[in-house]
Amino acid sequence: MDLQASLKTAIQQAIQSLYTDPSAAPEPGEVLLQPTKKEFEGTYTYVTFPLTKPLRLSPVEIGQRLGNWLVANSPLVRAFNVVQGFLNISLADIAYIQSLNALIADGVAGAQQPDTEATQANRVMVEFSSPNTNKPLHLGHLRNIFLGDSVSRILAANGYTVTKACLVNDRGIHICKSMLAYQKFGRQPNGTFETPESAGLKGDHLIGKYYVLFDKAYKAEVAELVAGGMAEDEAAKKAPLMLQAQEMLLKWEQGDAETVALWEQLNAWVYAGFAETYRKTGISFDKTYYESQTYLLGKDVVEEGLVKGIFYQKEDKSVWIDLTAEGLDHKLVLRGDGTSVYITQDLGTTDLKFSDFHSNKSLWVVGNEQDYHFKVLFAIMKRLGRPYAEGCYHLSYGMVDLPSGKMKSREGTVVDADDLVDEVAAVAAQAAADAAKGKLDEFSEAEKQDLFRLIGLGALKYYLLKVDPQKRMLFNPAESVDVHGHTGPFIQYVHARIRSIMRKAEEAGLSTSVPADEATATADRPLHETEQEVIVLLGQFAQSVANAGRDYAPSYVAQYVYDLAKAYNRLFADVSILSEPDAAKTQLRLSLSAVVAETIRKGMGLLGIEVPEKM
RNA sequence: GCAUUCGUAGCUCAACUGGAUAGAGCACCUCACUACGGAUGAGGAGGUUUGGGGUUCGAAUCCCUACGAGUGCACCA
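Our numbering numbers the first residue of the first sequence as 17 and each following residue consecutively.
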């Protein structure tokens, strides 16, 4: 049992001793502890105010009695003080040592090991990325992807079997636009059509180029029509390029061989481009759904809803659902001509996803502009009596803004994902040139490039993940690649620093993972304050991971790992490890350091960030 | 207009979900063991938590309200 849990049990027993009817006392799980504020003496604080009513005692009186009971009865508690309703508890060194030893015995810093049987029963699908195949990935996608990837890892660490899924938006009018532009403008002077090879572009960038070309040419057409006296909205509908794109969509839906062949060719290039971006950023998926294969689904769900009387039909045959009871509106679920709308597809794909993997939970990592859509989707699923409806969750996140304002693809202000990843690696290389001194001398050029990418990605991922997903965030290019302060590279650096000491210790024949001798916890050999602090933090890792899983919040883990790294750096400045004369202290600090390094590695791993041995 | 999310130091973000004198980083100013890895550590300055009410032992957090910002309110996806 970890330190906090043991202490809570002790406090609960103390509380029980104050009750005449012990069964009326709170459960150990209800005992809330908080870290003692710096300006007070103590490690943990228990707030006594809530007990004043049932016990009919003053907060101070309760604190005094609890404190006395704990000092008398719990070997964990060395001393206490009471300030108003706050009982500040000072732990005995033996408590820290036992806590550390428990972590060492666990193999590593206590993120719970998934129990296989439960894991099988806890299946969750996390859908993220969900790109369109008409343009390359950009900064907004990166926030989405890193979030989805990290949440997947965090859920896995909490005992879930996770399926990472991607739903590719590979069809529709916008895809036809880039296809049309390619057909019209893609022919080179030598008569052949442009390819990624001939253009020297990644496939997704090549297609993105044609999507932009379409938009330009289309706008020119609209302007011309308007100049000829047509109203703007009419011109937007009647521009030849738009009509041709619609015609192309119709052909695609009819399975026209030539159109389908073009579509397949262009999409194949885009997928190759995406694959490259995913590879560079360390992202993978277990399952990919293609909208071209799912967009017709959902009509039978609409039929089912009609039969059950959950949906209703208007005179024009369109199908609706009345969600006013849920505080939502009337929502169209099928057009009058029998064709699907966005939500029709999602009704179908949601069923499909659950039947494919028998998940009991499903997450959609999708931007907050679709909050309403998902409220409606989940409400419908509930009305339809889907048993999994309760397990549906929209992990909503805010937009990423630039210092210059919003990203607008039409205005060319989007930050391209590939460019960004290359750039952060370049900046990391520069930082290494400034700071790494001779540490990387024995690295080959390829190893260096890998390291710089690892650090650059560490900076970028950490920068995007440390912020609460719900909030829109500002992307400051200079800060995103910073290696100082509250950043990924700072944490990576602490890891490299510890590993360096570990190597030296091993060369000197010292072990780095033996439990500390409990006998060393004596009054004449007190633990240093920062040692206590680091041990307390280590004990909170598992809870932090659990909370992050509960709230789907990688930012908790990001904050935790930073706090740990920072506390360790303080320890490092305060005490000596290898040059400490007391061998028992050296041993304790080595073991402590090893657990810290491992916890940092694990924690960063949950963010999808690797940590280096040297940097 | 209706719905919804957000508003915390000059800037970017925290605050264990209602607890003490609201914490970090960046930027600015000091300082540090001849550096077990200085991509470091310590300190200073910086706040009426957008304004105003309310709930209670106690509010950045919950409720109401005003203001400001984002997003959604298509038979687009």
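Note that beta-carbon positions come from the ideal geometry of N, C-alpha and C, so glycine has one too.
>> Quick check: the Cα distance between N9 and I78, rounded to an integer number of angstroms?
In response: This structure leaves residue 9 out entirely; the chain is present only between 17 and 631.
* Asked: With distances taken between CB atoms, is the gap from G175 to T135 smaller than 8 Å?
  -> Yes, these two residues count as a Cβ contact at 8 Å.
If we ignore side chains and look at the alpha-carbon of each, how far apart do C192 and D362 end up?
D362 has its alpha-carbon roughly 21 Å from the corresponding atom of C192.
- Message: Once the 5 residues before and after Y306 are set aside, which same chain residues still bring their CB inside 7 Å of it?
- Response: Counting only Cβ-Cβ distances below 7 Å, and skipping sequence neighbours, we find V184 and D186.
Under the three-state reduction of DSSP, which class applies to S609: helix, strand or coil? If DSSP states are grouped into helix, strand and coil, S609 belongs with the helices.
Cβ neighbours of N492 in the same chain (closer than 7 Å, five flanking residues each side left out)
The residues are P419.
Handout entry: Closest Cα partner of I551 within the set D457, A532, T538 and A564
Key = Checking every option, the nearest Cα to that of I551 belongs to A532.
Please tell me whether, using a cut-off of 7 Å, the distance from the CB of P256 to the nearest non-hydrogen atom of the ligand COA is below it.
The model on display carries no ligand, and the ligand COA is accordingly not part of it.
Is the beta carbon of D590 less than 8 Å from the beta carbon of T546? The answer is yes: Cβ separation under 8 Å.
Helix or strand or just coil, what does DSSP make of M246?
If DSSP states are grouped into helix, strand and coil, M246 belongs with coil.
Continuous alpha helix (DSSP H) assignments of at least 4 residues falling wholly in the segment 565-592: With a minimum length of 4 residues, the continuous alpha helix (DSSP H) runs that stay inside the segment 565-592 are 570-590.
message: Please classify R605 as buried or exposed, where buried requires at least 16 other C-beta atoms within 10 Å of its C-beta.
response: With 16 or more other CB atoms across the displayed protein chains lying within 10 angstroms of its CB, R605 is buried.
Measure the alpha-carbon distance for A127 versus K253 and round it to whole angstroms. At A127 the pLDDT is 48, less than 50, meaning the model places this residue with poor confidence and gives no usable figure here.
First and last residue of the uninterrupted alpha helix (DSSP H) at T25:
According to the DSSP assignment, T25 belongs to the alpha helix (DSSP H) that extends over L19 to L34.
Stretch-stretch touch, CB-based, cutoff 8 Å, three pairs: the segment 420-430 with the segment 394-403: No contact exists between the segment 420-430 and the segment 394-403.
Check: Could you give the residue range of the alpha helix (DSSP H) that holds R139?
Finding: Where R139 is concerned, there is no enclosing alpha helix (DSSP H), although the beta strand (DSSP E) it sits in stretches over R139 to E143.
Tell me whether the segment 54-64 and the segment 91-109 touch, counting them as touching only if at least three CB pairs, one residue from each stretch, are closer than 8 Å. The segment 54-64 and the segment 91-109 touch, with no fewer than 3 CB-CB distances between them shorter than 8 Å.
Please report the straight-line C-alpha distance between R13 and S22, rounded to a whole angstrom.
In the structure as shown, the chain starts at 17 and stops at 631, and residue 13 therefore has no counterpart that could be examined.
- Item | Cβ-Cβ separation, Y35 to A41 (assumed contact under 8 Å), whole Å | At roughly 5 Å, the Cβ-Cβ gap stays under 8 Å, so A41 and Y35 are in contact.
Just to check my reading of the structure: N384 and G407 have Cβ atoms closer than 8 Å, yes? What is that Cβ distance to the nearest angstrom?
Incorrect: roughly 21 Å between the Cβ atoms, too far for contact.
### Query
Would you say H511 and A613 are within 8 Å of each other, going by their C-beta atoms?
In this structure, A613 lies closer than 8 Å to H511 by Cβ.
Here's a check: name, in chain order, each residue in its chain whose Cβ is nearer than 6 Å to the Cβ of V76, leaving out the five neighbours to either side.
Only residues of its own chain outside the window of five on either side were considered, and among them V98 have a CB closer than 6 Å to the CB of V76, listed in chain order.
*Taking the CB atoms as reference points, tell me whether K216 and K151 lie closer together than 8 Å.*
The sequence given here has Gly at residue 216, not Lys. No.
Given I161 as reference, the closest of A574, R94 and C182 once Cα atoms are compared: The shortest C-alpha separation from I161 is found at C182.
Tell whether a beta-carbon distance below 8 Å holds between Y572 and A564.
-> In contact: Y572 and A564 (Cβ atoms closer than 8 Å).
Indicate whether the contact test is met: 3 or more Cβ pairs, each with one atom in the segment 247-263 and one in the segment 454-463, closer than 8 Å. No, they do not touch.
Exercise for review: Run through the segment 159-235 for me and flag every whole alpha helix (DSSP H) of 4 or more residues, listed as ranges in chain order.
Suggested key: Counting only runs of 4 or more, we get 189-201 and 212-215.
For V47, which residues of its own chain have a beta-carbon under 6 Å away from its beta-carbon, when the five flanking residues on both sides are left out?
K24, I27 and Q28.
Exercise. Leaving aside the five residues before and after E596 along the sequence, list all residues of the same chain whose C-beta is less than 8 Å from its C-beta, in chain order.
Key: Answer for E596: T602 and R605, listed in chain order.
_According to DSSP, is T52 part of a helix, a strand, or is it coil?_
DSSP places T52 in coil when its eight states are reduced to three.
- Message: Check this for me: beta carbons of I326 and R399, under 8 Å apart or not?
- Response: Yes, Cβ-Cβ distance for I326 and R399 is below 8 Å.
inquiry  = Is the beta carbon of S607 closer than 8 Å to that of S516?
reply    = With respect to S607, S516 sits apart: the two C-beta atoms are not nearer than 8 Å.
Self-check item: Limits of the unbroken alpha helix (DSSP H) element including F459
Solution: Neither: F459 is in no alpha helix (DSSP H) and is coded neither H nor E.
Determine whether the beta carbon atoms of D302 and G624 lie at a separation below 8 Å.
Result no, Cβ atoms of D302 and G624 do not sit closer than 8 Å.
**Study point:** Status (buried if at least 16 other CB within 10 Å, exposed otherwise) for A441
**Key:** Classification of A441: buried, given that the 10 Å Cβ count is 16 or more.
*May I have the straight-line CA-CA distance separating G289 from Y112, to the nearest angstrom?*
Answer to the nearest angstrom: the Cα atoms are 51 Å apart.
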